[in-house]
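Protein chains in written order, with our numbering: chain Y, 3 to 259; chain W, 58 to 71.
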């Protein structure tokens, strides 16, 4: 038996909204440590990895590890019926083929809604992700990251992220011209959430398909800060820290041959 | 010209 209760359905809704454009079917792996999910897009360019630890839940029970295979679009149909502050309980039997989602309206205890989603058998391999030391890490407000990518995507279908000791520069070039946004490292005293933190051992410049970078911005509502971890010629690791877990993307770069 | 790399160039299935 698996049963997990989230005090705010919106947390799970935001997670699922963040993957809806690139990932069709995902396995949510439930164990005694919490719920995790790893999935690659069809083109094998982006990999999403999520973990919600047991502490994220107001109650949590998982007698036996199970994988809940879910169609993201169907799951969203159900999650969108909820109010953001509804209490969400997810339940599945060990050998069942359904995930039950129960929403309780915190302002109206007389209203309870319940949905059953058919589970899918998704054949999905987990990837072995090597431990990696990144030589450049930029941490910035997720809303700022989202704005930069949104603005530059209009100019070109490829965006270069250039991290140096004194700042980070995002550049796009396309048919209509080019554009760039530079951010200098700063610390807003008393406003840590707005600071631009840059830790660069070695300057790194990596290019990415802007469509996939846009995908990685969708998680901005999940956390106020995002960190971009880079190293030469390997995938960027883009991570949002959750209260009890993380939501991260790996994105394969475009490299000169 | 730059070539889009695949995640499979870096990560292998477990």
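Ideal Cβ placement from N, Cα and C applies to all residues, glycine included.
Drop a sphere of 10 angstroms on the beta-carbon of residue 60 (chain W), count the other beta-carbons inside from all chains shown, and report buried for 16 or more, exposed for fewer. One-based indexing of the second chain puts residue 60 (chain W) at position 3. With fewer than 16 other Cβ atoms within 10 Å, it is exposed.
Ranges of the beta strand (DSSP E) found wholly within the region 163-195 of chain Y, counting only runs of at least 3: 169-176, 179-186
Could you tell me if residue 114 (chain Y) is buried or exposed, where buried requires 16 or more neighbouring beta carbons within 10 angstroms of its beta carbon? The residue given as residue 114 (chain Y) occupies position 112 in the first chain. Result: exposed.
I'd like the span of the alpha helix (DSSP H) that includes residue 66 (chain Y), first residue to last. Walking along the first chain from the start, residue 66 (chain Y) turns up at place 64. Note, residue 66 (chain Y): premise wrong, no alpha helix (DSSP H); not H, not E.
Inter-residue Cα distance where the pair is residue 153 (chain Y) and residue 232 (chain Y): The residue labelled residue 153 (chain Y) in the question sits at position 151 within the first chain. The residue labelled residue 232 (chain Y) in the question sits at position 230 within the first chain. Distance between the alpha carbons of residue 153 (chain Y) and residue 232 (chain Y) is about 22 Å.
Alpha helix (DSSP H) segments (min. 4 residues) lying fully within the region 43-118 of chain Y: 74-81
Proximity of residue 71 (chain Y) and residue 124 (chain Y) at Cβ, strictly below 7 Å: By 1-based counting over the first chain, the position of residue 71 (chain Y) is 69. By 1-based counting over the first chain, the position of residue 124 (chain Y) is 122. Taking 7 Å as the Cβ cut-off, residue 71 (chain Y) and residue 124 (chain Y) qualify as a contacting pair.
For residue 327 (chain Y), count the other beta carbons within 10 Å of its own beta carbon; 16 or more makes it buried, fewer makes it exposed. Which is it? An answer regarding residue 327 (chain Y) cannot be provided, because it is not within the stretch 3 to 259 covered by chain Y.
Looking at the unbroken beta strand (DSSP E) that takes in residue 14 (chain Y), where does it start and where does it end? As a first step, residue 14 (chain Y) is located in the first chain; it is residue number 12 there, counting from the start. Counting along the chain, residue 14 (chain Y) falls outside any beta strand (DSSP E), though it belongs to the alpha helix (DSSP H) covering 11-21.
Contact criterion: CB-CB distance below 7 Å. Does residue 248 (chain Y) meet it with respect to chain W? In the first chain, the residue the question calls residue 248 (chain Y) occupies position 246. By this cut-off, residue 248 (chain Y) is not an interface position.
In terms of residues, what are the limits of the alpha helix (DSSP H) holding residue 144 (chain Y)? Taking the first chain and counting its residues from 1, one reaches residue 144 (chain Y) at position 142. 144-155 is the extent of the alpha helix (DSSP H) around residue 144 (chain Y).
In whole angstroms, what is the alpha-carbon distance linking residue 136 (chain Y) and residue 126 (chain Y)? By 1-based counting over the first chain, the position of residue 136 (chain Y) is 134. By 1-based counting over the first chain, the position of residue 126 (chain Y) is 124. Going from the Cα of residue 136 (chain Y) to the Cα of residue 126 (chain Y) covers about 27 Å.
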